[in-house]
Each structure stands twice: as structure tokens, then as C-alpha cells.
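To start, the structure under review is shown below, and the notes come after it.
Protein chains: 2
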Amino acid sequence: MQITQNQHESKTKLLEAALRVIREKGYQATRVEDVCEAAGLTKGSFFYHFKSKEALALAAAEYWNEVTREGFASAPYQALEDPLDRLLAYIDFRKSLLRGALPEFTCLAGTMVQEVYATHPLLREACEQSISGHVATLEPDIAAAVRKYKVHGNWTPQSLAFFTQAALQGAFVLAKARGGPEVAEMMVDHLRQYIELLFHRNDGVAV
Amino acid sequence: MQITQNQHESKTKLLEAALRVIREKGYQATRVEDVCEAAGLTKGSFFYHFKSKEALALAAAEYWNEVTREGFASAPYQALEDPLDRLLAYIDFRKSLLRGALPEFTCLAGTMVQEVYATHPLLREACEQSISGHVATLEPDIAAAVRKYKVHGNWTPQSLAFFTQAALQGAFVLAKARGGPEVAEMMVDHLRQYIELLFHRNDGVAV
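Protein chains in written order, with my numbering: chain A, 1 to 207; chain B, 1001 to 1207.
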């Protein structure tokens, strides 16, 4: 069967395949052939779009940023008026994403950077920008909640935004170790409880 | 120069080298040759002790458990009488370990499991046992602190013990992304603050 591929479509298929395969096997174990097979495309098509596996991974990190940025920006919780409500609903939204197979809900950037941080400077930088870019989207709500609820502490909105990502990245590591999302859900519950305690929003938590 | 290697010494050298190289490059990118070079030993010596890279990694995980178990069991903070003091001092001890190069203070099990969880079941299990084994050493102090300070909540000592590891594993991921330990130190500060809030030990924290 001869199929005329739209070039844009085939590029997107390769990027989607990269997200799946790298999150399953890691960056180093992923071969160009694996990505082609997962995308249902040829190596000719691959090398038309990407000059190397590293070029694909860099493009996949950028694609990952776009997809996740849109996913969070259009999530229902963004409509909540109170900044603390939005932050807590973001945490709940993250918990709701812990479904399905591990490669479907874990993080491309967090997975790749574990392997490549010392050996692939461009990939490390792409992963850093991916994580820090997402952190930056949380800072305004945290800063607004700090002002509104007059919370004072030896920490910054940015550091708390990073901590939400540390807890999630660590939750993914534990989920991979234990072979399922249950432990990650417990970790997100602790993260939520920490934010409730920080902002004295203790309703529903009997501590 | 001809050196007669003590077999036990050469095995330990290979295990120490595996800890360094795998934490730097990841499991997949690590070649038997890299480990031999880092250990200053031949491939003959390697294959005398280990039948494959996976066998080395499994032994390295067990060796990692022994080394870290001894390191924590003999740390000065274990002498503290109060279980909450011990738990907080454990957190401070973890912070004090965030020194030097990234491969020196990050976690072998957390690094490996990111890559191998779906493809190497025995290695995943070894990483899981490593992490859960360390978690189990924290549970008694958390349980004792919960009893002593009459803390009630919708969480278990085990889940909080796992959360300390999630925060640390996530801190390592962020440190790798950002190329240094500073962000990891901030994350450990948040973890300490969470535990202080949970146990109403708010002295020194102005929240």
C-alpha cells in the first residue's frame, strides 16, 4: 500500500513516537529504528526530518513543552478565581494524570536528564528549560496566594514551585521502582498536604 | 609492573567504579570497558567476577545498599534521643551530603530505575528493594514521633518515609537538570519544613 505522507504529519508521528519510546526505554536505549517502528515510518522519513537521535530528542523536548503547556493552560482548574484554589487544583490535576501505563504519565525531561546530564550538554539544557519553564507557570499563582493569605516564611514562590516538581519527579521515580502509580498518588497527597499546611488551609486534613 | 590483585579487592574496585560510572552516564551508556578503565582493571578481571554488565549492576545495587546502610546507621544523628529530632537530623544529614560532583551525591537506584524499569525486570526489582529498604529504616522513627507527639492525619509513617525519598529523588533530578546541588538544597529545606509543620515543630520556621 502506497501512502503519500504529509511531511508535517510524519514529523509529528516521529515526535509522538519519541515521547513514548524514550519514556519507556530511556534515551540511550532508544534506537532510531525503535522510533521509526513506533511511528510506522521508514528511516528515510526519519532522516528527512532529523539529522540524528539527539536532534530528535531535542525536538521531542520542545514538542513535549508545547503539548504540556497547552494541556495545563486549557485545564478546567485555570478558571478558579482564588490563586490558592488554582494551585491546589493543579496538584489534584497532576494526581488525576497518574493513570495508565508508566510511559504515559511520567516526564520526558525528568527521564532523559537522569541519563544525559553529564554526557549531552544540549539535551541537559533542553530538559532544564522544560522543567524550569513549567515551574515558571506556577510561580504567579504561588506569589499571589502568598500575598492574599499573608504567608511569611523562609522560602520563595519560585522555590515552592520547584518543590512541586521535585515531589512529582520523585513520585515518578518511585512509581517506576514499584511498577505502578499507587505510590505516586500517595506522594501527591503529601505534596498537597504540605501546601495546605503552608497556607493554613487545613480543612479536610486532620493534622 | 606486575601486580597480584587480591580478588576481593579487585571486585570491590569494580563495584566502586560501577557506582561512579553508572551515576555519571546512566546504566545503558555504561560499557564494561568504562568500568574496567575506571577501576584500573582488565576485562579478564571483570569477567572473572561478573558474567555481564547486568550482573555487575545487580551486585552494585547490593553493594550500594551495604555502603549506604552503614553510612546512615553509623551517622552521629542516630545517637539523638527524640525520634523527631532523629528524623529532622536525618534530613539535615541528607542536606550535608549534597556536596561535590553530581555523580558523587546522587542515587544509584534512582538513576538506574529511570532507564531500566520497563526493560530489565531484575534491575528494577533491585532498585525497588534498595529504595524501599532505605525507606524501611526511617519508618520506626516516624512511627515513634507520631506516637510521642500525638499527630493524627490521613497518612501513614510509611507514606511519609516514602515522601522523604520522593523529595530527595526529585531533588537529584532537578540538580542534574540545573547542573549543581543548590536547587537540591532548597528542596531539602522544603522537606524539613513539611515535617516541622506536620509535627507542629515550628521553631525556627516563620510560617
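Here a beta-carbon is modelled for each residue, glycine too, at the ideal position from N, C-alpha and C.
Which value, in whole angstroms, describes the spacing of the CA atoms of residue i and residue j?
i, j, result
"A/L41", "A/S10", "8 Å"
"A/V151", "B/V1113", "38 Å"
"A/L108", "B/A1175", "16 Å"
"B/Y1027", "A/R86", "39 Å"
"A/A184", "A/Y117", "24 Å"
"B/T1111", "B/A1039", "20 Å"
"A/A167", "B/S1130", "19 Å"
"A/L102", "A/E24", "8 Å"
"A/Q158", "A/L198", "14 Å"
"A/T68", "A/T164", "16 Å"
"B/A1206", "B/A1126", "Any reading at B/A1206 must be qualified, since the residue scores a pLDDT of 40, below 50, and its modelled position is unreliable; the value itself is stated next. If you take the alpha carbons of B/A1206 and B/A1126, they lie about 41 Å apart."
"B/Q1002", "B/S1052", "Residue placement at B/Q1002 cannot be trusted, given a pLDDT of 47 that sits under 50; what the coordinates show is reported in the next sentence. About 26 Å."
"B/L1014", "B/V1035", "7 Å"
"B/E1115", "A/Q78", "34 Å"
"B/W1064", "B/A1018", "10 Å"
"A/A144", "A/S74", "20 Å"
Closest to residue i by CA distance: which of the options is it?
i, options, result
"B/H1008", "B/R1069, B/H1049 and B/A1029", "B/H1049"
"B/V1173", "B/A1118, B/F1105 and B/D1141", "B/F1105"
"B/E942", "B/G1100, B/Y1194 and B/P1121", "In the structure displayed, chain B extends from 1001 to 1207; residue 942 of chain B sits before or after that span and is not available."
"A/E62", "A/E16, A/A75 and A/L168", "A/E16"
"A/H134", "A/E81, A/G153 and A/R94", "A/R94"
"A/I91", "A/L138, A/A18 and A/G179", "A/L138"
"A/I142", "A/S130, A/W155 and A/I131", "A/W155"
"A/P140", "A/L123, A/P121, A/L122 and A/L160", "A/L160"
"B/G1179", "A/D82, A/S45 and A/R124", "A/R124"
"B/E1196", "A/G153, A/F162 and A/M186", "A/G153"
"A/Y149", "A/Y194, A/D82, A/V32 and A/S132", "A/D82"
Alpha helix (DSSP H) containing residue i: first to last residue?
i, result
"B/R1023", "Q1007 to K1025"
"A/C127", "P121 to K148"
"B/G1071", "K1053 to A1073"
"A/C36", "V32 to A39"
"B/E1115", "L1108 to V1116"
"B/H1049", "K1043 to H1049"
"A/G170", "P157 to R178"
"B/R1201", "Run containing B/R1201: none; DSSP gives neither H nor E here."
"B/P1083", "P1083 to S1096"
"B/L1102", "L1102 to F1105"
Assuming residue i and residue j form a contact by the criterion Cβ under 8 Å, report the distance between their Cβ atoms to the nearest whole angstrom.
i, j, result
"B/V1188", "B/A1171", "6 Å"
"A/A177", "B/E1054", "Between B/E1054 and A/A177 the Cβ distance is about 17 Å, and since that is not below 8 Å, they are no contact."
"B/I1022", "B/T1012", "With 8 Å as the limit, B/I1022 and B/T1012 do not qualify as a contact, their Cβ atoms being about 16 Å apart."
"A/L56", "A/L122", "With a Cβ gap of about 12 Å, A/L56 and A/L122 do not count as contacting."
"A/R201", "A/L84", "6 Å"
Inset, instruction - Check each residue of the segment 169-188 of chain A: if its Cβ is closer than 9 Å to any Cβ of chain C, include it; give the result in chain order. - result: The structure shown contains no chain C; the protein chains it does contain are A and B.
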